[in-house]
Every structure is written in structure tokens, then in C-alpha cells.
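In the UniProt record's numbering, the protein residues as written are 18 to 617. Glycine residues also receive a C-beta, built at the ideal position from the N, C-alpha and C atoms. What follows is a set of notes on a single structure, which appears directly below.
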Ligand code: GDP
Ligand code: MG
């Protein structure tokens with residue numbers, strides 16, 4: 018298809034505003050998926066995506082769309098790229114946007130603009146995309162299209178009357194939207210004679226076909242049977258198959274300027290096909306990649322341990338398998354006194370963590386315990402050496418010059434009556450107000466600089482509960498910043514319990530110590546001797562609890578009884594100790610650690 022007849026677009030929206038449902042209607046209207054094969058959220062193919070109703074991986078589909086004008090019919094090909102909406106997957110969103118010339122900005126007509134609407138719109142504008150503003154869900158009784166058309170026009174410019182109104186549910190307005198895409202989104206521009214350059218915007222592992230890589234060709238042409246080169250690694254592969262997705266894979270005789278499709282090289286490891294990398298021909302390679310390639314960097318770390326220690330090899334294999342599908346997943350082995358053998362795993366964010374954990378438990382039948390998530394700290398010692406800390410218990414002792422922690426730029430949208438509540442929450446989380454704008458008389462956008470560590474723990478839940486569910490949040494990494502941080506250790510009879518060490522702000526150290534010591538006191542059974550639980554910063558004890566001693570002499574119960582019964586009881590007691598972890602002289606049932614680690 019010549020570039021003049023191609024339209025590459027994406028749908029961007031706040032989560033739940035109806036991207037996937039609108040995509041379904043487009044698939045139907047263009048005849049790509051017929052009535053019988055149709056099911057809701059057609060493009061969300063992973064089980065976990067379907068159950069949670071969210072999109073994790075980007076998807077690209079080619080759809081034919083004929084436009085009648087002045088008695089002639091012109092056959093266009095539309096490439097739609099459905100993008101993930103959650104902040105953890107912003108990296109994928111930005112790669113998808115780079116593969117398009119236009120974006121449908123979808124806004125729920127009963128909700129109005131939300132934080133991720135703005136974040137995605139800004140990303141689209143940075144990529145110079147043509148923006149088509151659309152109000153969705155106009156079938157809802159609570160829809161207020163007039164009001165929100167004003168809001169959108171105020172944001173992207175133009176006349177409120179030009180904001181399209183559609184319903185992904187009923188299909189109303191979707192034909193007009195497809196026509197508008199053809200009319201408004203420019204065809205792709207590229208040099209057909211130049212060496213091939215194609216951008217990888219997604220790659221997935223398929224059990225039968227190996228790695229399937231999704232690309233958008235910018236210059237030149239990719240042909241089957243040719244040798245290609247991945248520009249970031251210089252690795253060469255043979256192109257076994259090339260084609261388009263519509264909505265199943267269809268082989269083609271190649272992909273030219275502006276075309277979007279897939280390629281298969283027979284490699285088994287997704288790391289060979291990195292999102293953001295550039296593909297070129299081996300015979301006539303391009304000099305320059307399309308954009309600099311960055312590996313997505315894990316932002317949040319957690320220890321993952323099998324509850325049954327003998328599952329350790331299963332966990333290791335499972336992580337290896339998931340990694341094939343997920344370049345952002347990072348892990349290395351770790352041991353813990355309290356939890357045994359496990360891994361320190363790095364994630365893009367909390368949702369990413371939750372999804373990986375759920376997949377490990379479901380797809381690999383593992384029972385896991387994860388330690389409290391933490392961010393990455395950079396510690397500069399007084400002798401200028403730098404230590405990167407991904408596990409709080411490894412925070413260095415000795416003379417520390419400075420500790421830096423990651424910060425994020427957060428955007429919070431809320432009805433103006435909640436300004437006070439939002440400010441109070443952000444202040445308690447060490448936030449720094451950067452600016453505030455009214456989107457309308459009732460809705461305000463607040464911009465904060467916040468430590469990532471403060472957002473990682475229940476910030477979103479707190480924000481929702483303090484605004485009766487009306488606030489929305491988006492954030493992006495904004496570098497690192499020095500902070501007054503200390504490590505709090507938890508000691509059981511003088512021995513450090515590694516899984517409970519935490520890095521917290523100086524002012525919150527006492528509260529953390531008291532909370533953790535109290536929790537463990539309730540969970541650890543009494544022993545034959547008194548057990549002190551202490552929270553300490555360095556050698557300074559900041560909180561203390563005591564588990565009082567009991568004398569639990571099992572033999573006393575069967576005084577005078579026969580000797581074999583006594584032996585049995587002793588055996589039983591030994592059995593019970595197997596699942597105990599010994600910290601110093603103290604026996605702690607593993608359940609106590611698990612309970613203490615799970616959040617209430
Ligand atoms: P996404 O997160 O943006 O992909 O949103 P989904 O397409 O998964 O839709 C979120 C929810 O809104 C689902 O429960 C849909 O059934 C519902 N929904 C989507 N579009 C419409 C619409 O046009 N009208 C109504 N009434 N509900 C819709
Ligand atoms: Mg979706």
C-alpha cells in the first residue's frame with residue numbers, strides 16, 4: 018500500500034475511558050472481525066488482561082476502510098495501535114505513539130478529562146501527532162457531552178462543536194470517526210529508496226513461533242528471506258516471515274514505507290528484539306538508528322521468596338520464562354535469614370509487580386511471599402564511593418555523605434472542593450507543590466514533585482479515599498534528589514531480621530520502628546525465655562517491645578505417663594519446629610514473618 022493511502026493512529030485515554038471497547042467496534046465496522054468471532058476487548062489477549070479488564074501490551078491491527086468522495090471510492094488501510102493506559106507502561110505508550118501520525122484522544126463523556134488523559138495528550142503532542150478529540154460513552158445517562166466538549170476544546174484548541182461524540186458500546190458515531198481519521202491524520206512520510214529503518218514498538222514470545230516483533234517501517238523496505246540487523250546490538254537474523262496483523266497474522270511480500278506489521282526471525286529470546294530498537298537490512302545497513310535506545314529501568318524492587326523452600330528452582334525457571342516476554346523485569350538471587358532463598362526482583366512499578374507475582378502464582382503454581390517494595394537508593398560515602406542499594410538490608414554502615422532517592426513529577430486532577438485534602442496528603446508525603454491550574458471552575462490540576470517511595474505505598478488508595486474517588490493521578494520519573502533518609506533495622510534478641518529493614522525518612526523512622534516492633538510482638542509466639550524486639554537506627558535503639566517468657570514444658574503434662582507417649586510428644590514438637598526459622602536463639606514460625614510482611 019502506498020503511503021498516501023495509509024493512516025497510522027493510536028487511541029489514547031485515561032484507564033477505563035473505553036479504548037478497548039472502541040477498538041472492538043472499529044474491528045467490526047471495518048469487517049476485520051465478524052459478528053460471530055467477536056468478543057469484548059478482542060485485542061486484550063492475555064488472560065490477565067481479560068480478567069482485569071486492562072491492556073498491558075500494545076497491539077497493532079490493520080483495517081481496510083473505503084472512503085467515497087465525488088463518486089469515487091478510495092481504499093485506505095488504517096493501522097490502529099491500542100496502547101496500555103497505566104503509568105507503569107508509559108514506556109510502551111511512548112514507543113507506540115512514535116509509530117503513529119495521529120491520535121484519537123478518547124474522553125469518557127461522564128467523567129471528563131483525567132490525569133492520564135493529560136499525560137498521554139502531552140506525549141502525543143511531543144510526538145507531533147494530529148489529535149482527534151472524541152467524547153465516548155454518550156449512551157450513558159450521566160454523559161455531559163456539552164460540558165466536556167468545552168473542557169476538551171479548551172485543552173487542545175478548536176471548536177467544542179467539532180469534538181466527535183461516539184459510543185464504543187452501541188457503535189454510534191464510529192463510522193464518522195473512521196472517516197475523520199482518514200481526513201485528518203496525514204499519511205506517513207519516508208524515503209523508499211533509503212536503507213531500511215523500522216522501529217520496534219513491541220515484541221512478544223510465542224510458544225510456537227518464537228519471538229514475534231512488531232515494527233513500523235520508516236524508510237526503505239523489509240523483505241522476507243533477507244538478513245536484518247538490530248542496530249543496538251548489531252545482531253544479525255534471517256527474516257523468516259513478515260506480514261500484517263488483521264486481526265490474525267497474514268504473511269505479505271514485505272513491508273514498505275509507513276507500514277506497520279510483524280516479523281519473525283526464529284530467535285527465542287525477546288531480549289534480541291528490544292522495544293525502541295531500529296531494524297535495518299544487513300546488505301545495505303542504515304548509518305543512524307531512529308532514536309537512541311534506552312532499556313526500561315526498574316523503579317521498584319521487592320524480594321520474592323517461595324513459601325516452600327523446595328520451590329526455589331521452579332521460581333528461578335519461572336522468572337527466566339517471564340523475562341523472555343518482558344524486557345523490564347530484572348532479578349538476581351538473594352538469601353534472607355528470615356525467608357531463605359529467593360530473588361530480588363526489579364519492576365517498573367507496583368502494578369507491574371502485582372501482575373508478575375500473580376502470573377508466577379497462577380501459571381507456575383507457586384506460593385510466594387514478597388517483601389515490602391522499595392525504590393533504588395544511591396548512597397555516596399564520605400570517601401566519595403557510591404553504593405547503589407536495591408535491598409534496604411544492604412544499606413551501608415560507616416560514614417555516609419549523602420543519600421539520593423528517585424522523585425517523580427505527579428499530576429493530580431480533582432474537583433476543586435478537594436484541593437485542601439489533596440494538599441494535606443501530598444505534604445504528609447514530602448511533596449513539593451510545583452503549580453496549579455483550573456481546567457474549569459470545578460476542576461483543578463495540581464502538579465507535585467514527590468519521592469517515588471512515598472507514592473509506592475498506598476498513595477493512590479489514600480488519594481481516592483480522601484477525594485471520594487474523584488481524583489486521578491499520573492506521574493513520570495523526574496530524576497533523583499538528596500533526602501534525609503535512614504535505615505531502620507528490626508532486631509530480635511539482638512539479631513537483625515533482614516526482611517524487615519526499611520529505608521525511611523528520618524522523621525518517620527520512629528513511627529516505622531514502633532509499628533513493626535508491635536506487629537512482631539503480636540505475631541511471634543512466646544519462648545522459654547524473654548525476647549526483646551528492638552527497632553534501631555545504626556546502634557541507636559528507637560523502639561522496644563518484649564515478648565515475655567513462658568515455660569512450655571510438654572513433658573509436665575504427662576507426668577507419670579508411659580515413656581513411649583513422652584517420646585511421641587517430643588517427636589511432634591520437633592516436627593513443628595521444621596517450619597521454624599531460627600533468628601539467634603529465637604524460633605519463629607514462618608507464618609509470623611509472612612503475616613508481618615503482608616500489608617493490612
Ligand atoms: P480501556 O481501559 O480504556 O480499554 O476501557 P474499556 O474498553 O476496557 O472500557 C472500560 C469500561 O467502560 C468497560 O466496562 C466497558 O464496558 C465500558 N464502556 C466502554 N465504552 C462504553 C460506552 O460507549 N458506553 C458505555 N455505557 N460503557 C462503555
Ligand atoms: Mg483496554
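Per DSSP, the bridge partner or partners of residue i
{"i": "residue 27", "result": "98 and 120"}
{"i": "residue 367", "result": "Partner(s): none; residue 367 has no beta bridge."}
{"i": "residue 231", "result": "219 and 279"}
{"i": "residue 318", "result": "363 and 391"}
{"i": "residue 295", "result": "216"}
{"i": "residue 436", "result": "Paired residues: none, contrary to the question."}
{"i": "residue 80", "result": "95"}
{"i": "residue 426", "result": "466 and 493"}
{"i": "residue 260", "result": "268 and 279"}
{"i": "residue 419", "result": "397"}
{"i": "residue 87", "result": "BP columns for residue 87 are empty, so no partner."}
{"i": "residue 201", "result": "Beta-bridge pairing links residue 201 to no other residue."}
{"i": "residue 604", "result": "599"}
Proximity of residue i and residue j at Cβ, strictly below 8 Å
{"i": "residue 114", "j": "residue 34", "result": "no"}
{"i": "residue 522", "j": "residue 499", "result": "no"}
{"i": "residue 435", "j": "residue 487", "result": "yes"}
{"i": "residue 279", "j": "residue 230", "result": "yes"}
{"i": "residue 140", "j": "residue 111", "result": "yes"}
{"i": "residue 276", "j": "residue 23", "result": "yes"}
{"i": "residue 542", "j": "residue 561", "result": "no"}
{"i": "residue 273", "j": "residue 209", "result": "yes"}
{"i": "residue 202", "j": "residue 26", "result": "yes"}
{"i": "residue 446", "j": "residue 419", "result": "no"}
{"i": "residue 509", "j": "residue 609", "result": "no"}
{"i": "residue 306", "j": "residue 600", "result": "no"}
{"i": "residue 182", "j": "residue 190", "result": "yes"}
Extent of the continuous alpha helix (DSSP H) run through residue i
{"i": "residue 476", "result": "476 to 483"}
{"i": "residue 464", "result": "Careful: residue 464 lies outside any alpha helix (DSSP H), inside the beta strand (DSSP E) at 460 to 468."}
{"i": "residue 45", "result": "36 to 46"}
{"i": "residue 32", "result": "No alpha helix (DSSP H) holds residue 32; DSSP gives it neither H nor E."}
{"i": "residue 607", "result": "607 to 614"}
Beta strand (DSSP E) segment containing residue i, residue limits
{"i": "residue 220", "result": "214 to 223"}
{"i": "residue 557", "result": "557 to 564"}
{"i": "residue 252", "result": "Careful: residue 252 lies outside any beta strand (DSSP E) and carries neither H nor E."}
{"i": "residue 266", "result": "266 to 268"}
{"i": "residue 239", "result": "Taken as a continuous stretch (DSSP letters only), residue 239 belongs to no beta strand (DSSP E), as it is neither H nor E."}
{"i": "residue 453", "result": "449 to 455"}
Nearest-angstrom Cβ-Cβ length linking residue i and residue j, presumed shorter than 8 Å
{"i": "residue 461", "j": "residue 489", "result": "Actually they do not touch by this definition, with Cβ atoms about 12 Å apart."}
{"i": "residue 216", "j": "residue 494", "result": "That belief does not hold up - the Cβ atoms of residue 216 and residue 494 are roughly 22 Å apart, past 8 Å."}
{"i": "residue 421", "j": "residue 497", "result": "4 Å"}
{"i": "residue 566", "j": "residue 547", "result": "5 Å"}
{"i": "residue 646", "j": "residue 245", "result": "Here the chain covers residues 18 to 617 and nothing more, so residue 646 does not appear."}
{"i": "residue 468", "j": "residue 424", "result": "6 Å"}
{"i": "residue 410", "j": "residue 518", "result": "4 Å"}
{"i": "residue 473", "j": "residue 367", "result": "6 Å"}
{"i": "residue 318", "j": "residue 408", "result": "7 Å"}
{"i": "residue 365", "j": "residue 345", "result": "5 Å"}
{"i": "residue 46", "j": "residue 282", "result": "Residue 46 to residue 282, Cβ: 34 Å. No contact."}
{"i": "residue 294", "j": "residue 249", "result": "5 Å"}
{"i": "residue 55", "j": "residue 80", "result": "The pair is not a contact, with the Cβ atoms about 14 Å apart (cut-off 8 Å)."}
Exercise for the section: Ignoring anything shorter than 4 residues or poking outside the stretch 487 to 553, list the alpha helix (DSSP H) runs there in chain order. Expected result: 526 to 540
Handout entry: Sequence ranges, beta strand (DSSP E) only - wholly within the stretch 329 to 402, length at least 3
Key = 347 to 353, 357 to 364, 385 to 387 and 394 to 398
Practice task
Please specify which runs of the beta strand (DSSP E), each continuous and at least 3 residues long, are wholly inside the stretch 103 to 191, giving them in chain order.
Solution key: 119 to 125 and 147 to 153
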